[in-house]
Amino acid sequence: MKLKTFPAGIHPPDNKHWSAHLPVEDCSLPQELVVPLSQHIGAPAEVCVEKGDRVGKGQVVGNAKGFVSVPVHASTSGEVIAVEPRLHPTGRALPSVVISADGEDAWSEDLREADPDRLSPDEVRDRIRAAGIVGMGGATFPAHVKLSPPGEKPIDTLILNGVECEPYLTSDHRVMLEETEKVLEGAAILQRLLGAERICIGIEANKPDAIEVMEKACVDRDIEVVPLKVKYPQGAERQLILAITGREVPSGALPMEVGCVVQNVGTAAAIVDAVRHGRPLIERVATVTGTAVRQPKNLRVRIGTSLAHLTEQCGGLAKEPAKIIMGGPMMGQTQLSLEVPVVRGTSGLLLFAEGDVPLRPEGPCIRCGQCVRACPARIMPTTISAYARLDLYDEAEEFGALDCIECGCCTYVCPSTISLVQGIRTAKGAIMAKKRKL
Amino acid sequence: MDKQLYLSSSPHIHSGQTTDRVMLDVFLSLLPAAGVSVYFFGWPALKVLLLCIFGSIAAEALCQKAMKHPVSVRDGSAAVTGILLALNLPPSSPWWLPLVGVLAAIVIAKQIYGGLGYNPFNPALVARVVLLISFPVHMTAWTTPTPLGSGLDAVSTATPLGEWKTAVMLTGKLPEAAQSGYADYFIGNMSGSLGEMSALALLIGAAYLFWRRILTWHIPVTFLGSVIILTGVFWLVEPGRYPSPLFHMLTGGLILGVFYMATDMVTSPITVKGALIFGLGCGVITVLIRLFGGYPEGVSFAILLMNAATPLIDHYTKPKKFGFVPEKA
Amino acid sequence: MIESVLSLGGIGLVAAVTLGLAARKFAVEVDPRELAILDVLSGANCGACGYPGCAAFAKAVSEGEASASLCTPGGSETIEKVAHIMGVDAKIQAPQVAVVLCQGDNVKAGSKYRYLGIEDCVAAQKIADGPKECPGGCLGMGTCSRVCPFDAIEMTEEGLAVISREKCTGCRKCVSACPRQVIKMTPLEATVHVLCNSHDKGGQVRKYCQIGCIACQICKKAAPEAYVIENFLATVDYDHYQQAGPAVDKCPTKCIRDFVDGYPEGSSFIPPAVPVKHDAA
């Protein structure tokens, strides 16, 4: 049977064998947790605790600011020892709440249980927001915003994203295998919320065990498991919607425009905790892997744990790392050091040794057209990048700069190792800055 | 001391494909054809090949040094231009002909524009045309094949395509050479430039490039297809005057042009639709020149003309972006 | 023979008459002052005036939209000529040149990571605020140099931007291009500058740069009128630049430089024997 897919894309080696078969282990609680106030798209949370305050596990330490924002919570019980700028995954020092764990790990008394079936849609959304749920595939978009489509945009399809197309990462894979019921319960809550007629779970064919497990679990449920062809970036929202429903989200618009909402499987599981138990998002599953780490693992880790602690849990470093990547190798962010905290969007930690880092200098564009053929957004990366370098941003926009999903396919295939995504990102920044000025 | 960490924009992995590797593959794919030409023409062919290849590398290095650019001959593009140029020359070329060609190809058609990636025209073809127009006698001094060890002497003759053109212009009828001997033409037992001869060797090389995913089907299929169809139409209408499509395919630089010259990445469109239009244009112009133009060979001019149109083609064949919304009136 | 003469001559006549009529009928009304202004402008199209090119600026001035003094690269000579054409008084400001307030090249200043990517300061700054440990120092990847329409900026081999006081016309393009705001406009006549842009405490600066300002205040003691120390960084008070000289030799980190004695290390620019004057009137 031909698997569904989308046009263009690339086939990088998936390197998931390092950790795909490893069950999720609990990462030990560190002594110090650094909880940044900004872990999501939207306004950073406003701190509401002070140095010296005692906090319970799951207690709010920062309130949401505005609609597109979520609160931030303490990942364990303990004492706030500082509220100060600390190194953040973006490479800057940003305001964070530093908590010293007291070892009790006691849930805050503010949390309340509830029955999802008895809650109104707005109450469900409020609980999701109060729990600080954001897209855990890495985008960190506040879930309650995604789940509040305006009335004139009815949703008929809910898609759960179990694709995990990034090489090396296996956390969603393990969540689907080990928390199957929770994921499906989350899907049910979401369906009730959105009123969607169709629920699908997209899973790439390189996870046959997850497909099988999900299919078995969905036998009596109205949920479709859709195996997808293994191709990067199948997990990108637009490409996923195209593959499963055949609909193309219009340029500049959101998936709700074509009646779809996509949520990561990890987010779905977290929503159950939030709605049923009132538990906020304070931990997640992350894959630690790469040639520089001694024992790759899938770890359940508290938000605020340093990458150094994570690495220790995996037997420490096998080699001196040359690149520390938070996320996957195609879209992840390089880090300045291991003294950076795990945040809500941390799907993985890749420790690359010197030999894994492609170091070739940029050559001239030989107009081979590989980037144009590989681009899932169907724009012309080399042309946009060339215009960007000449500061010709109007032309860059004409050739599609703003539609770039920054997936990295173009840069991956370029024989001259031109930093195409970087160039297009610069163009996007300049174009948006210009638009804001006008 | 611990080395510092690398930080960069995403992505952090790469396919491993490099320009050097692409050039090496193209060079390797041309070796069968080069080998056949040496087999059938012996030392003169080898001389042309060596002069062109090493001359190109030297010309590029010297030119880049003079222009104070970093010397980049390592990427292999000069060597590829060299071997392609050699395949466009007759085996009987005097020693200076390849060198003048190299000058035209590397210095004028490539380095002056900024080097690899910036030239609008296929360098080997520019050189071929420059030589053809400047030294028409030398460039059309064809000889019969003298396979290594055969002990035969070279005898000047015309290429099958040239013969047909002369015959058709003089008598309006197909000459003998255009009606048979196709097997010889396929293997390469014919007269012509080094690259015109063995369609078989060239096809083997092209197959290698398809396998390595350096060649895609778009330009070869549309170019060859349009030639076959157009010449086929004329042949069916007047078989006594126009040779069959098979003849056209096996003679002249068509196979070389279709798989190696028209598909040159730098000078052909980067969009998919653009490549199809490019191939079509090359095919139509080639047929027009071959059948109705003054020259027996139209491939070089056709490709150069389409090279000129490439930026325009690219501009008008932009792919429709994902989620394209047509502007409402 | 006669036919060819008549026919060609006839065609030529018809063409000439048509063109002449068209030139008259489709003529565009151009303010003669606009053309006169365009004539005296330098034609560099640098954009310092804020208009896209000299032609647009000439039009704006002739329409009374723009002031003649906007053409800083043209210097007072040009401004006066333009003002004269418009029949107004020229408002000439003291000429200014751009200076890169940094001497921390790759040898003298430390980095916090090895950068891989496009050789562009704006792009590099987006990645963890740039590879240089000093938050205010020059990144040395040449963005300013590429943007300068007058070739006044060179990149030393060790990665430092240096601006030639002789070639700089004060168009400010480099100032807006630099993502670290390390380039500042200073009076042309001022030759002494504190070449540092870091507001970090002295101890921190010492860790990452051999030639940065540690705010030790010695310069202020040597020339109280000429220096201002604010936020751990000394700057020359350009209202009193003439008195800044005595502090140059006293500065312990050698971050204060008098450009009359030479450009920063690694630069190929040489100060002229006679101090430069923009207006050679």
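Protein chains in written order, with the working numbering: chain A, 436 to 873; chain B, 38 to 366; chain C, 928 to 1208.
Ideal Cβ placement from N, Cα and C applies to all residues, glycine included.
Compare the C-beta of residue i with all C-beta atoms of chain B and state if any pair is closer than 7 Å.
i, result
"G1044/C", "yes"
"R1107/C", "no"
"Y1135/C", "no"
"C600/A", "no"
"Q698/A", "no"
"G864/A", "no"
If you check the beta carbons only, do residue i and residue j fall under 7 Å apart?
i, j, result
"G783/A", "T722/A", "yes"
"A98/B", "V108/B", "yes"
"G113/B", "D62/B", "no"
"V1163/C", "I1090/C", "no"
"T511/A", "A528/A", "no"
"T354/B", "G311/B", "yes"
"A686/A", "V362/B", "Going by the sequence as given, residue 686/A is Ser instead of Ala. Yes; because the gap between Cβ atoms is below 7 Å, this pair is in contact."
"C1123/C", "C1101/C", "no"
"L785/A", "V696/A", "no"
"M298/B", "L162/B", "yes"
"V507/A", "V470/A", "yes"
"V736/A", "C462/A", "yes"
"I568/A", "I624/A", "no"
Return the Cβ separation of residue i and residue j in integer angstroms, given the expectation that the two are a contact with Cβ distance under 8 Å.
i, j, result
"V117/B", "M60/B", "5 Å"
"A1036/C", "E1060/C", "7 Å"
"I859/A", "P816/A", "6 Å"
"I292/B", "N159/B", "At roughly 16 Å, the Cβ-Cβ gap does not stay under 8 Å, so I292/B and N159/B are not in contact."
"E718/A", "K588/A", "E718/A to K588/A, Cβ: 33 Å. No contact."
How big is the Cα-Cα spacing for residue i and residue j?
i, j, result
"K870/A", "L438/A", "41 Å"
"C810/A", "N344/B", "24 Å"
"G936/C", "K105/B", "53 Å"
"V775/A", "E620/A", "33 Å"
"C1071/C", "Q1108/C", "11 Å"
"A622/A", "A709/A", "13 Å"
"D552/A", "L464/A", "34 Å"
"L663/A", "I679/A", "8 Å"
"F502/A", "P1114/C", "49 Å"
"Y603/A", "T300/B", "36 Å"
"D838/A", "R673/A", "11 Å"
"E639/A", "C600/A", "7 Å"
"D1056/C", "K1039/C", "10 Å"
"D1078/C", "G1193/C", "17 Å"
"M286/B", "I350/B", "26 Å"
"G1031/C", "E514/A", "42 Å"
"H456/A", "R1041/C", "35 Å"
"A1051/C", "I760/A", "17 Å"
"G597/A", "S606/A", "10 Å"
Determine, using beta carbons only, whether residue i comes closer than 7 Å to chain A.
i, result
"A1208/C", "Bear in mind that a pLDDT of 34 at A1208/C, under 50, signals an unreliable position, so the number given afterwards is only what the model happens to contain. Closer than 7 Å: no."
Counting only beta-carbon separations shorter than 7 Å, does residue i have a partner in chain C?
i, result
"S854/A", "yes"
"M38/B", "Note that M38/B scores a pLDDT of 44, beneath 50, so its modelled location is shaky; the value from the coordinates is reported in the next line. No - not a single Cβ of chain C is within 7 Å of the one on M38/B."
"T861/A", "yes"
"S52/B", "no"
"S47/B", "no"
"G526/A", "yes"
"Q857/A", "yes"
Given 6 Å as the limit, tell me if residue i has its C-beta closer than that to any heavy atom belonging to the ligand COA.
i, result
"A244/B", "As presented, the structure is devoid of all ligands, the ligand COA included, so that no description of it is given."
Output, in sequence order along the chain, the residues in the region 1051-1073 of chain C whose CB is closer than 7 Å to any CB in chain B. Those residues of the region 1051-1073 of chain C that come within reach of chain B (Cβ to Cβ, closer than 7 Å) are I1054 and A1055.
What are the residues of the region 830-842 of chain A that lie near chain B, defined by any Cβ-Cβ distance shorter than 9 Å? Shown in chain order are the members of the region 830-842 of chain A whose Cβ falls below 9 Å from a Cβ of chain B: E833, F834, G835, D838, I840, E841 and C842.
Please list the residues of the region 106-130 of chain B that have a C-beta atom closer than 9 Å to any C-beta atom in chain A, keeping them in chain order. So the list reads S109, D112 and S114, given in the order they occur along the chain.
Residues of the region 761-789 of chain A in Cβ contact with chain C at a cutoff of 7 Å, in chain order, please. Listed by position along the chain: L771.
Which residues, taken in chain order from the region 287-303 of chain B, show a beta carbon closer than 7 Å to some beta carbon of chain A? Within the region 287-303 of chain B, the residues whose Cβ lies closer than 7 Å to some Cβ of chain A are M302 and V303, listed in chain order.
Please list, in chain order, the residues of the region 148-168 of chain B that have any C-beta partner in chain C closer than 8 Å. Going along the region 148-168 of chain B in chain order, one finds no residue with a Cβ nearer than 8 Å to chain C.
Using a Cβ-Cβ cut-off of less than 8 Å, list which residues of the region 1173-1205 of chain C approach chain B; keep chain order. Against chain B - using a Cβ distance shorter than 8 Å - the region 1173-1205 of chain C contributes no residues.
Below 7 Å between beta carbons is the criterion; list the residues of the region 652-685 of chain A that meet it against any residue of chain B, in chain order. The region 652-685 of chain A vs chain B, Cβ under 7 Å: R673, E683, V684 and P685.
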